[in-house]
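Every letter in the sequence shown is one number past the one before it in the working numbering, and letter 63, counting from 1, is 63.
Note that CB positions come from ideal geometry on N, CA and C, so glycine has one too.
So the structure is just underneath, and the comments pick up after that.
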Amino acid sequence: MAGVNQDRCPGVLRPHQAADGAMVRVRVPGGQTSGTALAALGRAAERHGRGLLQLTSRAGLQVRGLPSDLPDAFEAAVAAAGFLPSASHERVRNVVASPLTGLHGGLADLRPLVRALDDALQADDALAGLSGRFLFGLDDGRGDVAALEPDLTYRALGPDHGLLVVGADRGRAVALEDAVPALLALARGFDAARAASGVWRVRELPGWVDGLVGFAPVPVPPAPEPPLGAVGAHAVVGVPLGFLSPVQLAAVTAVAGTGAVVVTPWRSLVVGHGADRLAELTAVGLVADPTSPWTAVSACVGAPWCASGRVDTQALVRSVAAEDRRWPRTHVSGCERRCGAPAGPHRDLVAPTRDELLAAAEPRLVVHV
Ligand code: SF4
1 MAGVNQDRCP GVLRPHQAAD GAMVRVRVPG GQTSGTALAA LGRAAERHGR
51 GLLQLTSRAG LQVRGLPSDL PDAFEAAVAA AGFLPSASHE RVRNVVASPL
101 TGLHGGLADL RPLVRALDDA LQADDALAGL SGRFLFGLDD GRGDVAALEP
151 DLTYRALGPD HGLLVVGADR GRAVALEDAV PALLALARGF DAARAASGVW
201 RVRELPGWVD GLVGFAPVPV PPAPEPPLGA VGAHAVVGVP LGFLSPVQLA
251 AVTAVAGTGA VVVTPWRSLV VGHGADRLAE LTAVGLVADP TSPWTAVSAC
301 VGAPWCASGR VDTQALVRSV AAEDRRWPRT HVSGCERRCG APAGPHRDLV
351 APTRDELLAA AEPRLVVHV
């Protein structure tokens with residue numbers, strides 16, 4: 001039966017012991033943070049761990065290479081940066097939101113809803129035991145978060161109303177002001193229903209979904225391409241393989257200052273009001289070109305940092321990224337668990353050789369005139 005194992009999702013207070021040391025996962029509801037907070041987290045990562053900030057497919061951040069006995073000073077630094085407001089609920093604060101909401105496009109500014117949902121979640125004692133895999137989604141109407149198939153989604157249809165969607169496509173109308181209590185009531189209902197079965201995700205419990213009163217099939221919006229480059233006044237930059245180096249972080253925080261930085265679920269960052277300083281970001285290897293191989297090729301952590309990895313996936317991908325080839329959406333995994341694989345259609349390569357990986361791409365056509 002799916003999901004009967006113990007919920008092993010890591011958090012700051014429950015590190016995962018990897019081959020390269022302890023790894024912690026830092027929740028960033030809605031991906032919403034600031035240059036100041038990100039810089040503080042980066043300093044803690046450099047002082048106690050590998051120094052990299054790893055972006056996750058749920059718009060969170062991971063710090064790796066930490067001592068197995070996590071230093072109190074590291075936890076204190078994470079908390080001081082604002083990333084650990086609740087010890088009891090830290091692993092259930094899984095909220096993805098449209099990264100550009102309130103900044104550019106969309107039918108509604110859902111940033112206040114991110115804060116309201118996070119606050120209400122932390123105040124709800126009954127939800128402290130919700131699975132660390134359970135995902136809330138807040139889609140401002142552009143369809144980007146809906147494509148990630150969260151367990152529960154508020155999907156805006158206008159500035160003050162939208163759909164409450166359970167799983168992929170069962171929904172009902174809801175006013176924006178009622179969205180948070182409605183989402184939490186559904187989460188409590190699911191948590192009670194799932195207890196006997198041991199599953200973690202809504203899609204694993206279709207009988208519960210079918211039994212909800214007042215919900216009917218709703219259309220699934222088409223998923224837009226993740227943005228990249230200048231978007232209005234803002235910069236969206238890809239982070240190759242999702243690992244943000246100290247040099248890259250310094251560039252991001254220099255551009256953002258104390259302003260907004262948004263972690264996206266696509267291993268990229270929105271740097272608030274950074275559109276006219278894109279060159280500073282690309283100069284340190286961040287990606288603003290939609291044709292870059294880094295927009296199409298991703299990899300799990302792989303060997304040697306992960307003990308299960310049969311190949312060094314990151315080195316493999318870096319070795320081919322400079323090749324002048326056209327890449328279909330491709331994910332490279334070091335073993336069959338396929339960590340970090342994208343949600344949409346993609347070419348799935350498990351522990352490939354370099355030749356096998358190159359064979360997955362096509363040479364660019366060069367036209368001489
Ligand atoms: S897919 Fe396998 S090798 Fe890659 S990070 Fe996950 S467990 Fe490790």
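query	result
Contact under 9 angstroms by Cβ, Leu-13 with Ala-87	yes
Same chain, Cβ closer than 6 angstroms to Gly-65, five either side skipped, listed in chain order	Asp-20, Gly-21, Gly-49, Arg-50
Best match in Asp-139, Val-92, His-89, Ala-126 for proximity to Leu-110 [C-alpha to C-alpha]	Asp-139
Local conformation of Thr-153 per DSSP, three classes	strand
Exposed unless 16 or more other CB atoms sit within 10 angstroms - verdict on Val-4	With a pLDDT of 44 at Val-4, under the threshold of 50, the modelled position of that residue is not reliable, and no figure is offered here.
Straight-line gap, Ser-68 to Ala-45 (C-alpha atoms, nearest Å)	14 angstroms
Distance cut-off 8 angstroms: Ala-315 Cβ against heavy atoms of the ligand SF4	no
Classification of Val-369 by the beta-carbon crowding that lies within 10 angstroms, buried from 16 upward	Below a pLDDT of 50, predicted positions are generally treated as unreliable, and Val-369, at 41, falls in that range; the measurement from the model is reported next regardless. Val-369 comes out exposed.
Endpoints, the beta strand (DSSP E) within which Val-236 is located	234–238
Simplified DSSP state of Phe-83, which is helix, strand or coil	coil
Assigned secondary structure, Glu-356 (DSSP; H/G/I helix, E/B strand, else coil)	helix
Cβ contact (3+ pairs, closer than 8 angstroms) linking the segment 169–188 and the segment 227–235	no
Burial state of Cys-17 (16 or more Cβ within 10 Å)	Just to set this straight, residue 17 is Gln in the shown sequence, not Cys. Looking at its Cβ environment, which holds fewer than 16 other Cβ atoms inside 10 Å, Gln-17 is exposed.
Exposure of Asp-144, with buried meaning 16 or more beta-carbon neighbours within 10 Å	buried
Sequence-ordered residues whose beta carbon comes within less than 6 angstroms of a heavy atom of the ligand SF4	Cys-300, Val-301, Gly-302, Cys-306, Ser-308, Gly-309, Ser-333, Gly-334, Cys-335, Arg-337, Arg-338, Cys-339
Alpha carbon of Arg-58 to alpha carbon of Trp-266, nearest angstrom	8 angstroms
9 angstroms Cβ cutoff met for Arg-277 and Val-218	no
The beta strand (DSSP E) enclosing Asp-139, as first and last residue numbers	136–139
Secondary structure of Thr-330, DSSP reduced to three states	strand
Rounded C-alpha distance that separates Val-231 from Leu-163	27 angstroms
Terminal residues of the alpha helix (DSSP H) in which Ala-187 lies	179–194
Extent of the continuous alpha helix (DSSP H) to which Asp-119 belongs	111–123
For Ala-296: DSSP bridge partner residues	In the DSSP output, where bridge partners are listed per residue, Ala-296 has none listed.
DSSP beta-bridge partners of Phe-74	Per DSSP, none; premise fails for Phe-74.
Top-ranked residue by Cα proximity to Trp-208, from Val-166, His-161, Gly-11	Val-166
The segment 193–211 touching the segment 237–257, judged by at least three CB pairs closer than 8 angstroms	no
Ser-319 - DSSP class collapsed to helix/strand/coil	helix
Closest Cα partner of Leu-113 within the set Arg-43, Pro-345, Ser-268, Ala-179	Ala-179
Sub-9 angstroms separation of Val-320 and Pro-290 beta-carbons	no
Between the CA atoms of Ala-256 and Gly-272 - distance to the nearest angstrom	6 angstroms
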